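In our numbering, the protein residues as written are 1 to 130.
For each residue, glycine too, the CB sits at the ideal point set by N, CA and C.
A quick note: this is a predicted structure, and the numbers were derived from the prediction, not measured.
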């Protein structure tokens, strides 16, 4: 898979990238850069995209939400949440596009604690099959 990632260097490029993101054409993903939304259409492509920066890790919380639903939170703009797969029980992991991701249910539990938008995120996960 060939991915085109935009990593702005100047202030003008940052403004351009934010304008494209505001128009819904790109997504800002922490540690990666700006990625076109057409490259994030399937859970498999989203998992492969995040694995570029965190190979061999299991994706949790906001990163798992993004993989399962395509929804990106402001926290995802700051960092990609990934941990060693061995630190999570095997029953809480699923494989998406050859990458380990917490299950829909485990992702819902992780995101429910102390968040104002937890009900909205839970609804997204229910639509995805929780």
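Remark: C-beta atoms of residue 81 and residue 60 approach each other more closely than 7 angstroms.
Residue 91 counts as exposed, since fewer than 16 other C-beta atoms from the protein chains shown sit within 10 angstroms of its C-beta.
In terms of Cβ geometry, residue 124 and residue 69 form a close pair [threshold 7 angstroms]. Each of 18, 116, 115 and 95 was checked against the Cα of residue 64, and the nearest Cα belongs to 95. Going by DSSP, residue 101 is part of the beta strand (DSSP E) stretching over 99-102. With contacts defined by Cβ atoms closer than 7 angstroms, residue 28 and residue 77 form a contacting pair. Per DSSP, the continuous beta strand (DSSP E) segment holding residue 29 begins and ends at 26-29.
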